[in-house]
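Engineer: Quick note on numbering: the sequence shown equals residues 908 to 1297 in this note's numbering.
Glycine is no exception: its CB is placed at the ideal position from the N, C-alpha and C atoms.
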Amino acid sequence: MNPPIVFTRYLYIKEEVAIALLISVLEKRSQDECLFWTYELYYSGFQEEIFQIILKIYYDFFATLNPSMESYILVKYGEWKKAACEGEDRDKIPGLIVVNMLTRPFNMDVFALRQIVQNFDIDENFVEGNDILTSLGKNVQMIEWLEKKDYENISKFVLEDCPDAKLDLLITIATGHFNNGAEAEKPFDKFANSYKKAKKVYKNTRHLLLAKILTCFSICQNLKMGKNVYAALSCLEINIFKTKEMADLNLDQGRCYKTLPIVCRYNIDCSKRLGLFSLGRKNLNLKEDYWYHWEYYASFSPIWQERLARFKGVPNGDAKRIDFENDDWHEEFYDRYALEPDEQKKETQDKNIQEILQEITWKVFYDKYASSHLLGDIDDYLNEMETVKY
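1) Considering only the beta carbon of each residue, do Thr1010 and Thr1122 sit closer than 8 Å?
2) Are the beta-carbon atoms belonging to Thr945 and Leu928 less than 8 Å from one another?
3) Could you have a look at Val1295 and say whether DSSP puts it in helix, strand or coil?
4) Between Lys1165, Phe1124, Leu1043 and Ser1042, which has its C-alpha nearest Pro1062's C-alpha?
5) Between the alpha carbons of Glu1232 and Lys1219, how many angstroms are there, rounded?
6) Quick one: which unbroken alpha helix (DSSP H) runs of 4-plus residues sit fully inside the region 1019-1082? Chain order, please.
7) Where does the unbroken beta strand (DSSP E) through Ile1229 begin, and where does it stop?
8) When DSSP labels each residue in this structure, what does Pro974 get in the three-state scheme?
9) Indicate whether Thr1150 and Tyr966 have their beta-carbon atoms separated by less than 8 Å.
10) Along the beta strand (DSSP E) that carries Asn1259, what are the first and last residues, could you check?
11) Please classify Val1221: does DSSP put it in a helix, a strand, or coil?
12) Do Leu1335 and Lys1106 have their C-beta atoms closer together than 8 Å?
13) Taking the alpha carbon of His1280 as the point to measure from, which residue in Val1034, Glu1067, Lys1104 and Asn1014 has its own alpha carbon closest?
14) According to the neighbour-count rule (16 or more other Cβ atoms, all chains shown, within 10 Å of its Cβ), is Arg1217 buried or exposed?
15) Excluding the 5 residues preceding and the 5 following Asp1286 in the sequence, name in chain order all residues of the same chain whose CB lies nearer than 6 Å to its CB.
16) Identify the residues that DSSP records as bridge partners of Ile920: which are they?
17) Is the beta carbon of Tyr917 sitting closer than 8 Å to the one on Leu1156?
18) Does the count of Cβ pairs from the region 1185-1205 and the region 1239-1258 closer than 8 Å reach three?
19) Taking Asn1046 as the reference, which of Glu1152, Lys1165, Leu1077 and Ala1072 has the closest Cα?
20) Shortest alpha-carbon distance to Asp939 belongs to which of Lys1119, Leu1130 and Cys1171?
21) Are there 16 or more other CB atoms within 10 angstroms of the CB of Glu923, so buried, or fewer, so exposed?
22) Report the rounded CA-to-CA distance for Leu1264 versus Asp1176, giving the unit in angstroms.
23) Kindly confirm or deny that the region 972-983 and the region 1176-1185 touch, where touching means at least three C-beta pairs closer than 8 Å.
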């Protein structure tokens, strides 16, 4: 069973780091902060997962105004996968993608529609007498919704109602519809082709498909697109984000407790936006788990799994502790990795587990980024929207 929270290498909560990365990118915060959150996940061992998180952010916010960036991300991911061994150039790749997001326009169309479908009942508008269970019926219905720009019904069908086996049919229907209204010959076929390539990498096919359809709408409505220019790998310095242990920090044996004040560079909720999201910490006594059970929750991060295995430590879910083979292994582990979060100053503890409150509404958040978008007035949804799962 998955635990409600997972601690990273420096005892941040994993899901909160992913959201902190999202917010830091959207708010165009410093490159240093964006890279810190990227590599907090990457160097905690979530290397494949960071690419899924980056693609999720891309399809939610950037894809419709930066369609060419998808190919860039997939090529860079391919380079990362093909690298023979770990090295600095390979490790730079996720950070480089994030840095290139910082210079690009975005909107909230895909994200907003996903949240509307997930959190509200949609009034479904079907063509009378049409059998939507057949391939022909799906074609008739999708064309109707596409012609009317019925984004909510399109989104609900793509995200929830369409059978998995028919998703590929939808991209064909959509691109065919947009091709019919284009001056050039079949200019939207490239989106069907790129969809087939991207779904080999990105695991949420329905999310991908919705982003493709809304990208076609965005191009047809002449929304301003981002430029196809990218920073180079050589521009990136990531040594400061690599995992630091006692020797790297010039700490004497037994001084591991001094690690967290040095390496935790940012408060988890610098921007005061995490309160918009449903978080795993909600049903925990977080301070107690952070102070006295951190090793157990950290054991679900690959970096801590490897460390514990090296010192013969095994997670005990019932007691929320680590059981070691003998006292010697126990002592050796804590000589090297006793971070002692319960002994840290409040300033340091707040970097990891500061109190999170909902200080703004989704309407305020949406309105801040509402330029260059497809959606009309969705205030009724936004005013009712509470915390959402990301």
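Structural biologist: Per the coordinate set shown:
1) no
2) yes
3) strand
4) At residue 1062 the sequence reads Ser, which differs from the Pro that was named. The shortest C-alpha separation from Ser1062 is found at Phe1124.
5) 6 Å
6) 1042-1055 and 1058-1063
7) Arg1228 to Phe1231
8) coil
9) no
10) Where Asn1259 is concerned, there is no enclosing beta strand (DSSP E), although the alpha helix (DSSP H) it sits in stretches over Lys1253 to Ile1260.
11) strand
12) Nothing in the structure corresponds to residue 1335, since the chain is present only between 908 and 1297.
13) Asn1014
14) exposed
15) none
16) Phe914
17) no
18) yes
19) Leu1077
20) Cys1171
21) buried
22) 10 Å
23) no
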